[in-house]
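Working notes, beginning with the structure itself.
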Amino acid sequence: MSQRVKVKQILLDDKTNYEVTVKGWVRSFRNNQFIALNDGSTNNNLQVVIAQDSLDAALVKRITSGASISVTGEIIPSLGKGQKVELKAQSLEVLGDCDPEKYPLQLKNRPSLEYLREIAHLRFRTNTFGAIFRVRHTLAFAVHKFFNDRGFVYLHTPIITASDAEGAGEMFRVTTLDMKKPPLDESGNIDYKQDFFARSTNLTVSGQLEGELGAMAFGDIYTFGPTFRAENSNTARHLAEFWMIEPEMAFYELKDNMDLAEAFIKYVIGYALEHNREDLEFLAQRLEEEEKQKPQAERSELKLIDKLEFVLNNEFERLTYTEAIDILKNSKPNKNKKFNYLIEEWGADLQSEHERYLVEKHFKKPVILTDYPAAIKSFYMKQNDDGKTVRAMDILFPGIGEIVGGSQREENYDKLVARMQELHLPTEEMYWYLDTRRFGTAPHAGFGLGFERLVLFVTGMTNIRDVIAFPRTPGSADF
RNA sequence: UCCUCCUUAGCUCAGUUGGUUAGAGCAUCUGACUGUUAAUCAGAGGGUCGUUGGUUCAAGUCCAACAGGGGGAGCCA
46 MSQRVKVKQI
56 LLDDKTNYEV
66 TVKGWVRSFR
76 NNQFIALNDG
86 STNNNLQVVI
96 AQDSLDAALV
106 KRITSGASIS
116 VTGEIIPSLG
126 KGQKVELKAQ
136 SLEVLGDCDP
146 EKYPLQLKNR
156 PSLEYLREIA
166 HLRFRTNTFG
176 AIFRVRHTLA
186 FAVHKFFNDR
196 GFVYLHTPII
206 TASDAEGAGE
216 MFRVTTLDMK
226 KPPLDESGNI
236 DYKQDFFARS
246 TNLTVSGQLE
256 GELGAMAFGD
266 IYTFGPTFRA
276 ENSNTARHLA
286 EFWMIEPEMA
296 FYELKDNMDL
306 AEAFIKYVIG
316 YALEHNREDL
326 EFLAQRLEEE
336 EKQKPQAERS
346 ELKLIDKLEF
356 VLNNEFERLT
366 YTEAIDILKN
376 SKPNKNKKFN
386 YLIEEWGADL
396 QSEHERYLVE
406 KHFKKPVILT
416 DYPAAIKSFY
426 MKQNDDGKTV
436 RAMDILFPGI
446 GEIVGGSQRE
456 ENYDKLVARM
466 QELHLPTEEM
476 YWYLDTRRFG
486 TAPHAGFGLG
496 FERLVLFVTG
506 MTNIRDVIAF
516 PRTPGSADF
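Offset between the first sequence (1-based) and the numbering used here: plus 45.
Next comes the structure, spelled out in structure tokens:
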């Protein structure tokens with residue numbers, strides 16, 4: 046047997062007249078003669094040609110859609126028109142049969158995304174999900190490359206945490222106590238002192254606070270890990286388990302933070318365009334087909350690749366919350382009372398419809414909003430001198446909404462403690478966090494980026510359940 | 001959690017005003033085919049119409065509850 050070569054390599058090399066072994070899964074078998082073979086290295090298939098009567102009829106019967114096979118033969122210039130080269134089979138072995146009567150994935154049926162979600166364990170075998178998850182991989186790799194190239198330290202913040210003060214959302218409890226008969230303390234409450242960690246613990250909702258500890262020593266750190274929110278959110282943009290990227294930088298102010306976030310997003314999108322062009326072109330095609338079903342008014346103005354290049358080549362629009370409120374107040378939908386939530390005064394939280402108006406109608410490009418009212422933002426954000434706003438920044442993307450949320454952090458111990466007390470946060474429990482401000486505090490900033498939302502934007506998919514391998518949502522944790 | 005729409009063959013969908021034996025394409029099975037490209041051609045099998053209850057002489061069709069899913073909203077990343 047000759048050396049195994051991946052399909053991607055064979056198609057890329059474009060050489061002929063050499064012997065190879067190829068292993069993969071049958072996508073289709075036509076005319077008892079032509080196998081479209083896919084091995085996951087690329088969305089493109091290798092055409093394997095079987096000479097009539099060269100194989101036993103019983104073996105030919107086993108070449109079914111989904112079966113895994115190993116083929117050895119010669120790569121030759123293709124006699125057909127659909128491809129440059131093809132593999133002329135000399136020997137073929139079926140490694141794993143696939144019973145067509147029972148196989149739930151019949152590609153020629155053009156199964157819907159909703160149906161494929163029900164068979165998520167098999168959906169990687171489709172062109173669409175093959176492309177999505179190769180792009181997801183490339184983006185993840187680019188995340189590490191971007192930060193590594195800039196000297197950031199990849200810090201692994203804990204998955205299990207006792208801290209519940211982030212206020213980022215509802216948490217999943219982690220416990221080994223007997224749920225039927227939990228131990229009780231003197232006042233009749235569950236006695237977590239007897240639990241595994243001798244205290245109440247949860248799955249992390251953010252690595253930011255621990256990230257800040259790292260930034261106060263390494264200067265620049267980032268985290269990239271799973272995050273859990275027990276919110277009962279049923280939308281195409283939320284998951285109970287998702288991956289978040291959270292850089293934290295010492296000696297950064299809000300503007301440095303914005304510059305980094307914008308450069309970061311542009312870098313990873315550019316990296317995917319450069320290294321995953323074919324998959325993105327396939328996804329662009331898919332999106333175009335999908336949009337043909339929609340009425341004209343709902344179709345996107347730019348095709349997927351153009352949209353990504355537009356983001357790369359244009360500055361994100363930067364403005365303050367106060368400026369945004371002025372624009373919204375004077376906007377047509379506000380004056381004509383088309384908004385469900387009308388903008389009347391400063392201080393209101395922006396709803397999705399307002400964010401979408403700013404991004405999709407007014408500026409028609411990514412927008413960075415800064416300096417939000419303190420009342421609608423977290424305790425750790427640096428307070429501005431005006432006494433009412435904080436140095437927060439949100440990056441809003443078309444079709445996605447908030448993709449990044451970040452801020453300069455409050456580095457002043459007294460101001461931070463005062464704010465925590467105002468919000469009734471447990472300052473004693475959070476001693477480790479406050480220690481950063483007590484011992485060698487420094488200006489610092491950071492942001493969080495929801496990885497799946499980035500993948501959504503880059504792949505042009507519209508449901509977040511389609512860009513994570515095994516989505517966890519309320520009422521659903523299959524596979 | 002709220003609003004809204006959907007649920008008919010393995011998949012994607014038709015199904016008229018409530019009225020005889022619920023249809024199509026693809027998939028599957030059988031056969032044909034030595035250059036196919038979503039292969040093609042001929043034939044066959046395949047249904048508790050999401051579940052439960054109700055209205056009616058009669059329910060895939062009307063009503064209610066529940067379950068699952070889509071879209072939107074809130075919460076957020």
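We put the beta carbon where it would ideally sit given N, CA and C, even for glycine.
With contacts defined as CB atoms closer than 8 angstroms, Val-105 and Asn-77 qualify as a contacting pair. Rounded to whole angstroms, the separation of the alpha carbons of Leu-499 and Gln-466 is 35 angstroms. Under the three-state reduction of DSSP, Tyr-237 is assigned to helix.
Counting every other CB atom within 10 Å of its CB across the protein chains shown gives Leu-501 a total of 16 or more, marking it as buried. In the DSSP assignment, Asp-265 forms a beta bridge with Met-294. In terms of Cβ geometry, Glu-293 and Glu-257 form a close pair [threshold 8 angstroms]. With a cut-off of 8 angstroms on Cβ pairs, the stretch 110 to 128 is in contact with the stretch 67 to 75, counting three or more such pairs.
Taking the CA atoms as reference points, Glu-368 sits about 11 angstroms from Asn-375.
Per DSSP, the unbroken beta strand (DSSP E) holding Arg-75 starts and ends at 63 to 75. Between the alpha carbons of Val-65 and Ser-73 lies a distance of about 21 angstroms. Between Glu-497 and Thr-202, the alpha-carbon positions lie close to 19 angstroms from each other. Closest in C-alpha terms to Gly-485, from the list Ala-262, Gly-85, Arg-155 and Glu-146, comes Ala-262. Looking at the DSSP output, Glu-286 bridges to Phe-273. Assigned with DSSP and collapsed to three states, Ile-310 falls in helix.
Looking only at Gln-453, Arg-75 and Ile-55, the smallest Cα-Cα distance to Tyr-425 is reached by Gln-453. The three-state reading of DSSP puts Pro-378 in helix, counting H, G and I together.
Along the length of the stretch 382 to 453, whole beta strand (DSSP E) runs at least 3 residues long occupy 412 to 418, 434 to 442 and 446 to 453, reported in chain order. Here Pro-443 is buried. Its C-beta has 16 or more other C-beta atoms within 10 Å. A straight line joining the alpha-carbon of Glu-319 with that of Ser-251 spans about 31 angstroms. Counting every other CB atom within 10 Å of its CB across the protein chains shown gives Gln-338 a total below 16, marking it as exposed.
Look at His-489 here: in three-state DSSP terms it is strand. Looking at the backbone, the Cα of Phe-515 and that of Asp-523 are separated by about 7 angstroms. The shortest C-alpha to C-alpha distance from Lys-427 to any of Thr-183, Glu-323, Gly-495 and Asn-457 is the one to Asn-457. Checking the DSSP bridge columns, you'll see Ile-114 partnered with Gly-69 and Val-139. When only Cα atoms are considered, Glu-276 and Met-438 end up about 23 angstroms apart. Our two residues, Gly-264 and Gly-432, have alpha carbons roughly 28 angstroms apart in a direct line. Three or more beta-carbon pairs drawn from the stretch 162 to 171 and the stretch 132 to 152 are found closer than 8 angstroms, and the two stretches are therefore classed as touching.
Comparing alpha carbon positions, the residue from Glu-138, Pro-122, Arg-107 and Ala-420 closest to Arg-464 is Ala-420. The secondary-structure analysis by DSSP pairs Thr-518 across a beta bridge with Ser-521.
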